[in-house]
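Protein chains in written order, with my numbering: chain A, 150 to 596; chain B, 37 to 315.
Each residue gets a CB set at the ideal place from its N, CA and C atoms; glycine is no exception.
Single-structure report; data block below.
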Amino acid sequence: MGDRSVADRLKDFGEVDNGLSPKEAIEEAGRCLQCKKPGCVDGCPVNIDIPAFVALIAKGKFLEAAESIRQQNLLPAICGRVCPQENQCEALCILGKKDTPIRIGQLERFAADQERAKGLTVPARKTATGKRVAVIGSGPAGIVAAGELAKDGHDVVLYESLHAPGGVLTYGIPSFRLPKDVVKAEIDLILAMGVDLRLNHLVGRTVSFEELEEYDAILLGTGAGLPYFMGIPGENLSGVYSANEFLTRVNLMHAERFPEYDTPVAKMNRVVVVGGGNVAMDAARTARRMGAQVTLVYRRREEDLPARAAEVHHAKEEGIEFITCANPIRILGEQAVTGIECIRMQMCNLDKSGRPIPEPIDNDTFTLDCDVVIQAIGQGPNPVLVSQIPGLDKGRAGNVVTEEDGRTSHPKIFAAGDVTTGAATVIMAMGGAKQAARSICEMLGSR
Amino acid sequence: MYIIEKSLKLSENVYEIWVNAPHVTRNAKAGQFVIIRTDETGERIPLTISKISGDLVRIIFMAVGKTTHALAAVPAGGAISDIAGPLGCPSEIKKYGTCVLVGGGVGIASTPVIAQALKDAGNRVIGILGARNADFLILEDEMAEICDKLLIATDDGSKGHHGFAADLLKQVIGEEKVDAVWIIGPTIMMKVTSNVTREQGIKTFVSLNPIMVDGTGMCGSCRCVVDGKTKFACVDGPEFDAHQVDFDNLMQRQRYYMEHEKEALALWKEHQCTCGGQH
Numbered sequence: 150m151g152d153r154s155v156a157d158r159l160k161d162f163g164e165v166d167n168g169l170s171p172k173e174a175i176e177e178a179g180r181c182l183q184c185k186k187p188g189c190v191d192g193c194p195v196n197i198d199i200p201a202f203v204a205l206i207a208k209g210k211f212l213e214a215a216e217s218i219r220q221q222n223l224l225p226a227i228c229g230r231v232c233p234q235e236n237q238c239e240a241l242c243i244l245g246k247k248d249t250p251i252r253i254g255q256l257e258r259f260a261a262d263q264e265r266a267k268g269l270t271v272p273a274r275k276t277a278t279g280k281r282v283a284v285i286g287s288g289p290a291g292i293v294a295a296g297e298l299a300k301d302g303h304d305v306v307l308y309e310s311l312h313a314p315g316g317v318l319t320y321g322i323p324s325f326r327l328p329k330d331v332v333k334a335e336i337d338l339i340l341a342m343g344v345d346l347r348l349n350h351l352v353g354r355t356v357s358f359e360e361l362e363e364y365d366a367i368l369l370g371t372g373a374g375l376p377y378f379m380g381i382p383g384e385n386l387s388g389v390y391s392a393n394e395f396l397t398r399v400n401l402m403h404a405e406r407f408p409e410y411d412t413p414v415a416k417m418n419r420v421v422v423v424g425g426g427n428v429a430m431d432a433a434r435t436a437r438r439m440g441a442q443v444t445l446v447y448r449r450r451e452e453d454l455p456a457r458a459a460e461v462h463h464a465k466e467e468g469i470e471f472i473t474c475a476n477p478i479r480i481l482g483e484q485a486v487t488g489i490e491c492i493r494m495q496m497c498n499l500d501k502s503g504r505p506i507p508e509p510i511d512n513d514t515f516t517l518d519c520d521v522v523i524q525a526i527g528q529g530p531n532p533v534l535v536s537q538i539p540g541l542d543k544g545r546a547g548n549v550v551t552e553e554d555g556r557t558s559h560p561k562i563f564a565a566g567d568v569t570t571g572a573a574t575v576i577m578a579m580g581g582a583k584q585a586a587r588s589i590c591e592m593l594g595s596r
Numbered sequence: 037m038y039i040i041e042k043s044l045k046l047s048e049n050v051y052e053i054w055v056n057a058p059h060v061t062r063n064a065k066a067g068q069f070v071i072i073r074t075d076e077t078g079e080r081i082p083l084t085i086s087k088i089s090g091d092l093v094r095i096i097f098m099a100v101g102k103t104t105h106a107l108a109a110v111p112a113g114g115a116i117s118d119i120a121g122p123l124g125c126p127s128e129i130k131k132y133g134t135c136v137l138v139g140g141g142v143g144i145a146s147t148p149v150i151a152q153a154l155k156d157a158g159n160r161v162i163g164i165l166g167a168r169n170a171d172f173l174i175l176e177d178e179m180a181e182i183c184d185k186l187l188i189a190t191d192d193g194s195k196g197h198h199g200f201a202a203d204l205l206k207q208v209i210g211e212e213k214v215d216a217v218w219i220i221g222p223t224i225m226m227k228v229t230s231n232v233t234r235e236q237g238i239k240t241f242v243s244l245n246p247i248m249v250d251g252t253g254m255c256g257s258c259r260c261v262v263d264g265k266t267k268f269a270c271v272d273g274p275e276f277d278a279h280q281v282d283f284d285n286l287m288q289r290q291r292y293y294m295e296h297e298k299e300a301l302a303l304w305k306e307h308q309c310t311c312g313g314q315h
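As structure tokens, then:
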């Protein structure tokens, strides 16, 4: 069925990708070679038995396919939409060597959507263990860990500082990429397993670390919610947003529907988004839907954009202008933003990750007129809680250091997701959360 | 949902509510704030914790925009969707010696908890309350009970000193040695009043009230410039060294949504009229 037309999708915040029809899904699944040693499974951070569920779709057994995915993945409708499959399962599909790989993400989403339309069944829980576990943060890591721990029979209290659960799934990723009813359905299913969700609780303030220590185990899933700013002049002018603020105003608070909703966002004519990751694409495409002309400024080359290729493609289709090899040096304005001054960058030696190191070209500057600047240059771990835990090992960026099994330097504390890795993907957080939940279960003697 | 147990009007557009929120009261300390959201379409706004009594949080606010008007309209026994907190760092409470607390207008709401905490830490506490006129003066009795000395200023001279709280602060500093000062009120009042202590280098705190969204350090909407560095008022503050704050930047950022605020309030008032308050 593919993507909605550009003209159509710019009118609203509805999902861009329509997904597959049953006929298309069966056809696509039928291409799978059912490899004896499937590479795709190795590429999946949560090790979904991909050939098994694909085979079920090929036979038209959609609900069985969804059930098969659920053995390993509690959020299939979300992952089917936002996982970077092109770098994971699909990258290792043998068909990709000569032709196009199986569209595993689309098939996962298809199965999950079919299942949701029929009504989801709450997964069974083991006998109650009487052990109490606190999970901090209800984003991808926290939700998955809460589900895994509840399944094993533990009493789980899930703390969330905002008024709605989901973390970045709720406040960060726009509904045109991840509809909020999909997020709600998958989270509600986990809550229905008996997870005690406590909204409006900022752990570290509402709940002290000493109170937290009364639990048998603690899982930190507090994410990477601290927005970075560039540290350039003019950055604190009105009209300069972090991508987090801009996206939160729209996704969580519905500023696009002001004044029906009370939260405002700037009236925008020309917007400059700084950054080249998925968050930058989300911010740019959101601003575009609010009627603005949008220019994205990225310091490296187009081929270095860290965003998913599909998101870059969607952004370009929607009329977002890309200026690469340029970096802002100053934001202009008296009371509020009127423009941004940038400098051209040249690509020098490669860094450790193989990306070129951009260096400014002296005096080669240009100015863009704009009334809003959105900085999407990355986020770090939120320090509110982790800075209060005595003796907790942290990395240079403030991230919590863990073993592979999710253990931290504190015997009762485990951590998963962006708080350990820095800003990464939903699925990486989920993989880490499953592992950390398993370690907690082992410690508590339920596995 | 959180129940508003008591709701009363203190003066023109100034209201006092008591919200049942045990999760907030358990660990709340002087100087912290909450974020409330009145209903499903509401915005998140920060309000200072004015007092704690059992499971109840007292909040005193002025109805200026749509959200605060809507909050004032919730009757006792009614509910609001959300209250998150306590948020922000507590006031730096320790034994300083003599402390002066200056409250301006509705900013007076924040002073009793801080005054009490300073008193409990063994300080001599002097209160200075400033208001437009005698009718706008709030919490006078409460502050009189906590403080060793309480001075009043009104702009029109209807009570106490005819003039500003800053005049009284100057007077107190002239009379005795002051070790620490808190100034809480409208931004312009904090800017002007903190100049009084600048020259003598008296440790002075102000409680900033920039526009916030989440209140948890996630968005940076509340960023302020303190000592030339960007700080998030919600997690690094809300109290900062008054002599290091860039008040002009704060005022510029506070004004950003003024047009939106007018529009939202006008729409709300219009709606109040057509439905006769029956909604």
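Take the Cβ of G374/A as the centre, count every other Cβ of all protein chains shown within 10 Å, and call the residue buried at 16 or more, exposed below.
Buried, because 16 or more other Cβ atoms sit within 10 Å of the Cβ of G374/A.
Beta bridge counterpart(s) of D186/A as assigned by DSSP:
Before going further, note that residue 186/A is Lys rather than Asp in the sequence given. None; K186/A has no bridge partner.
Determine which residues share a DSSP beta bridge with R153/A and list them.
The partner list for R153/A (beta bridge, DSSP) is empty, contrary to what the question assumes.
Give the range of the beta strand (DSSP E) segment to which I339/A is assigned.
Note, I339/A: premise wrong, no beta strand (DSSP E); alpha helix (DSSP H) at 329 to 340.
Taking only beta-carbon positions, decide if P413/A is within less than 7 Å of chain B.
yes
Between the alpha carbons of Y364/A and V282/A, how many angstroms are there, rounded?
6 Å
Counting along the chain, where does the alpha helix (DSSP H) carrying I367/A start and finish?
Note, I367/A: premise wrong, no alpha helix (DSSP H); beta strand (DSSP E) at 366 to 369.
Could you say which of T355/A, A475/A, S324/A lies nearest to L311/A if we only look at CA atoms?
T355/A
Counted within 10 angstroms of its Cβ, other Cβ atoms place I224/B as buried (16 or more) or exposed:
exposed
Which residues in the same chain have their Cβ closer than 8 Å to the Cβ of D500/A, if we skip the five residues on either side of it in sequence?
I506
Cβ-based contacts, 9 Å cut-off: residues of the region 247 to 280 of chain B near chain A:
V249, D250, G251, T252, G253, M254, C255, G256, S257, R259, C260, V261, T266, F268, V271
Contacts that Q484/A makes with chain B (C-beta to C-beta distance below 7 Å):
Q288
Could you say if the region 255 to 268 of chain B and the region 186 to 195 of chain B meet the contact criterion of at least three C-beta pairs nearer than 8 Å?
no
What residue range does the alpha helix (DSSP H) around E216/A cover?
211 to 219
Between P328/A and chain B, is the shortest Cβ-Cβ distance under 7 Å, so that the two count as touching?
no
Neighbouring residues, chain A, relative to R73/B (Cβ below 7 Å)
H312
CB-CB length for V208/B against I238/B, believed under 8 Å:
Contact doesn't hold; Cβ gap of about 11 Å is too wide.
What residues in the region 76 to 91 of chain B bring their beta carbon closer than 8 Å to a beta carbon of chain A?
T77, G78, E79, R80
Is I523/A helix, strand or coil by DSSP?
strand
Selection from R326/A, F325/A, P323/A, L318/A that minimises the alpha carbon distance to I336/A:
Put simply, of R326/A, F325/A, P323/A, L318/A the residue whose alpha carbon is nearest the alpha carbon of I336/A is L318/A.
Terminal residues of the continuous beta strand (DSSP E) containing T190/B?
185 to 190
Near S194/B, which residues of its chain fall below 8 Å by C-beta distance, leaving aside the five closest residues on each side in sequence?
N169, A170, D171
Excluding the 5 residues flanking M577/A on each side, which residues of the same chain have their C-beta closer than 6 Å to its C-beta?
P194
Is there a Cβ of chain A sitting closer than 7 Å to that of A151/B, yes or no?
no
Could you tell me which of R479/A, I526/A, E483/A, K543/A sits nearest to F515/A, measuring between CA atoms?
With respect to the C-alpha of F515/A, the residue from R479/A, I526/A, E483/A, K543/A having the closest C-alpha is R479/A.
Just curious, the alpha helix (DSSP H) that A11/B is in, first and last residue?
The displayed coordinates of chain B run from 37 to 315. Any statement about residue 11/B would go beyond what the structure contains.
Please decide whether N222/A counts as near chain B, where near means a Cβ-Cβ distance under 7 Å.
no
Using CA atoms only, rank isn't needed, just tell me which of C242/A, K247/A, V422/A is closest to A475/A.
A475/A has its Cα closest to that of V422/A, out of C242/A, K247/A, V422/A.
Contact set for A485/A: own chain, Cβ-Cβ below 8 Å, skip 5 residues either direction:
L386, S387, G388, D520
For Y320/A, the three-state DSSP class (helix, strand or coil)
Helix, per DSSP.
Secondary structure of A163/B, DSSP reduced to three states:
The sequence given here places Gly at residue 163/B; Ala does not occur at that position. Strand, per DSSP.
Just to confirm my understanding: we take V414/A, look at its own chain, exclude 5 residues before and 5 after, and list those with CB closer than 6 Å. What are they?
R398, A404
Across which residues does DSSP place F563/A in a beta bridge pair?
Beta-bridge pairing links F563/A to L368/A, R556/A.
Return no unless some Cβ of chain B is closer than 7 Å to the Cβ of Y377/A.
no
Pairwise C-alpha distance: V136/B and L92/B
27 Å
D345/A by DSSP, collapsed to three states: which one?
Looking at D345/A - three-state DSSP - the assignment turns out to be strand.
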